[in-house]
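Be aware that the sequence shown starts at 356, since it is given in the numbering used here, and climbs by one per residue.
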Amino acid sequence: MVATLDTAREHLRATFGFDDFRGRQAEVVERTLSGRSSLAVMPTGAGKSLTYQLPSTMLEGTCVVISPLIALMHDQLRSARANGIRAATLTSADSDWRETQDAFRAGELDLLYVAPERASQPAFRDFLNSTRLALFAIDEAHCVSEWGHDFRPDYRMLRPLMDAFPQVPRLALTATADRQTRADVLTQLGIPEDGLVLAGFDRPNIRYAIRHRDNPVRQLATLMTERPGPGIVYAQTRKKVEDLAEKLAASTGRKVLPYHAGLDPETRAANQAAFVVSEDMVIVATVAFGMGIDKPDVRFVAHVGVPKSIEAYYQETGRAGRDGDPSAATMFWGAGDFATARMRLSEVDEERRNAERARLDALAALVETPHCRRAVLLRHFGEDPPETCGNCDNCLDKPGVTDVTELARKLLSAVYRTGQSFGMGHLQKVLTGAEDDRIRQRGHDRLSVYGIVEGEDARLLQPLGRALQARGDLVPTEHGGLALGGSAREIIKGEREVEIVVPPKRQRSRGRRGGDEANPVGDPLFEALRELRRELASEAQVPPYVIFHDSTLREMTAARPSTMSEMGRIGGIGGKKLEAYGERFLMEIARH
Ligand code: ADP
Ligand code: ZN
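The following block contains the structure:
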């Protein structure tokens, strides 16, 4: 019998406790159940794993999952088992190979996770022949393509393996694949073109905000108050990571730990593990952090300094809010970030330089836009989003745009006339006619640009300087000064207009605590349920989110179920979890 979507929904309820499919999950599940192969491109948090985990419980035989990282496999394994799915991994970190192999041969596994290196060995093909297969699921499928950003040669060996089992459907999954990579993945894995299921890139629960960095510790501390849950802060160097972690811990009293390649492996692993199980810890990290971490309840991702590219920004911010709850992605940028990045352009090979410059320009446009950030991001990925989203800083608090062409001409002339070797501080003094020894000594008080800026305009010099640096019209010199670059000469000659964004005068005042938090923090029942979840999690040695997500606890708090069957109707409680935890949570609710 071919299972229908209705039967699939019953299984969805019974196993995962979810009422319905999300986004394009239903399509993928339907294709898989009917034996067709697909490539599912869905953003992080869309629920890709469910699209093979659910069919694996319905189809006869085992679903073999190829996954590139042991940490990811173990994460998936835990979650699958918590829902009563019969899953196992075969990795170098496992000691239960015998049991796993026996269970597989006996047809007692729904899911078997392996790395591509193992899957591509000839012995593995023989092993697969020892039982019935239901599905090949290929996670992080962009790794098969040289166009993707994580090419893994072993993924290329998967095609011959799968071709040896022509009856078994294939399901490739990835969150990041541009047009070229998608086409390549389809070919490399032998999936028909009509098998592409492409969900949008939008992550509606993430609130994007980009601010100028004036006092990172204070700015981050405020963000931490607004978002009391777990958070990731990305900083650019090891030293900055260490420094910020220390200062944030001191100024907020929260648990804040560093993560970077310079820490010894034990400390690094311990800090990561502490973060994964925590409900309120902040990790300050270099971008090395995040690969292979599947923590669903990250409430904010902050960038101190600009990321490498829009792609990197999307991927890094995408680690926030996988559970669908409100989350923040906040970037604190400085003119120096762009200045440094543009200076490095000269070290790049000539063939790559234009592409790299375009990458920076795209980032500068995102940082500087007065329009919807989400729209800029989504357009970058080829989508056609609405003009406004209502959930980014610019949509919530529209910034002004000012024509500063004249002021820009004055500033750039001052750069030129002072010999292209001074920084913004000195230039501002010259332009506003400050009385200053250094100015007099150098004769800058006799220049035609001395004292030609006054009043309101003087206030705009700083943001203008930042904007020109972000755009590359002002470039840094080796000794910390600024020189003309990009379109500076056209601006001076009056051939080009300059507009800049002026931030709204006062930042929207939010509630003192958790203004954007979905959780009823402080509600005694909710807090008691969280406490119980913590206990159960530490007994079972799993992160709390493996027991129940916050959304499940919220629903319990609001609905106050008093019987097992009422409890079973709460979202996120499938049969296995109801049996394992239902009674304990009912008792806790009854006590309040
Ligand atoms: P991805 O792998 O696409 O990043 P995951 O598979 O980790 O996403 O799923 C993200 C979260 O969404 C998980 O916590 C999962 O339990 C939840 N989820 C998945 N499908 C549904 C659904 N149909 N209804 C409610 N929650 C879902
Ligand atoms: Zn917006």
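Every residue, glycine too, gets a C-beta built ideally from N, C-alpha and C.
At a cut-off of 7 Å, is residue i close to ligand 2 when judged by its beta-carbon and the heavy atoms of the ligand?
| i | result |
| --- | --- |
| A730 | yes |
| T743 | yes |
| N484 | no |
| C498 | no |
| N560 | no |
| C747 | yes |
| C727 | yes |
Under 8 Å, do residue i and residue j count as touching if we go by C-beta distance?
| i | j | result |
| --- | --- | --- |
| V722 | I855 | no |
| L464 | T417 | yes |
| L544 | I493 | yes |
| L388 | A496 | no |
| M413 | A363 | yes |
| Q431 | G402 | no |
| P899 | V632 | yes |
| V656 | A684 | yes |
| D649 | D905 | no |
| L718 | Q775 | no |
| D828 | L762 | no |
| A629 | L618 | no |
| F520 | L488 | yes |
| T641 | A616 | yes |
| F491 | R525 | yes |
| A530 | M428 | no |
Can you find a heavy atom of ligand 1 that lies under 7 Å from the Cβ of residue i?
| i | result |
| --- | --- |
| A401 | yes |
| H947 | no |
| Q824 | no |
| S488 | It should be noted that the sequence gives Leu, not Ser, for residue 488. Flag unset: Cβ of L488 not near ligand 1. |
| R377 | yes |
| R677 | yes |
| M397 | yes |
| D649 | yes |
| H904 | yes |
| S768 | no |
| Q380 | yes |
| S404 | yes |
| F373 | yes |
Exposed or buried, which one is residue i when buried takes at least 16 other CB atoms within 10 Å?
| i | result |
| --- | --- |
| F1025 | The first residue shown for the chain is 356 and the last is 947, placing residue 1025 beyond what the model contains. |
| V770 | buried |
| W688 | buried |
| N484 | exposed |
| P547 | exposed |
| R814 | exposed |
| D652 | buried |
| N626 | buried |
| S447 | exposed |
| H658 | buried |
| L367 | buried |
| M356 | At M356, the pLDDT of 47 sits below 50, so the modelled position is not reliable and the matter cannot be decided from this model. |
| T359 | exposed |
| F940 | buried |
| N709 | exposed |
| D318 | Residue 318 cannot be examined here, being either before or after the span of the chain that is shown, 356 to 947. |
| E809 | exposed |
| T907 | buried |
| E706 | exposed |
| D748 | buried |
Give the C-beta separation of residue i and residue j to the nearest angstrom, bearing in mind that I take them to be a contact with Cβ-Cβ under 8 Å.
| i | j | result |
| --- | --- | --- |
| A435 | Q408 | 6 Å |
| S532 | P681 | For the sequence presented, residue 532 should be read as Ala rather than Ser. Contact flag wrong, Cβ pair sits at about 27 Å. |
| A675 | V830 | Between V830 and A675 the Cβ distance is about 33 Å, and since that is not below 8 Å, they are no contact. |
| K610 | M636 | 5 Å |
| F482 | E738 | So it is not a contact: roughly 42 Å between Cβ atoms. |
| L467 | A443 | 6 Å |
Is residue i near ligand 4 - that is, is its Cβ less than 7 Å away from at least one heavy atom of it?
| i | result |
| --- | --- |
| C418 | The ligand content of the structure shown is limited to ligand 1 and ligand 2, which means ligand 4 is not among them. |
Output yes if chain C places a C-beta closer than 8 Å to the C-beta of residue i; else output no.
| i | result |
| --- | --- |
| L414 | The question asks about chain C, but that chain is absent: this structure has only one protein chain. |
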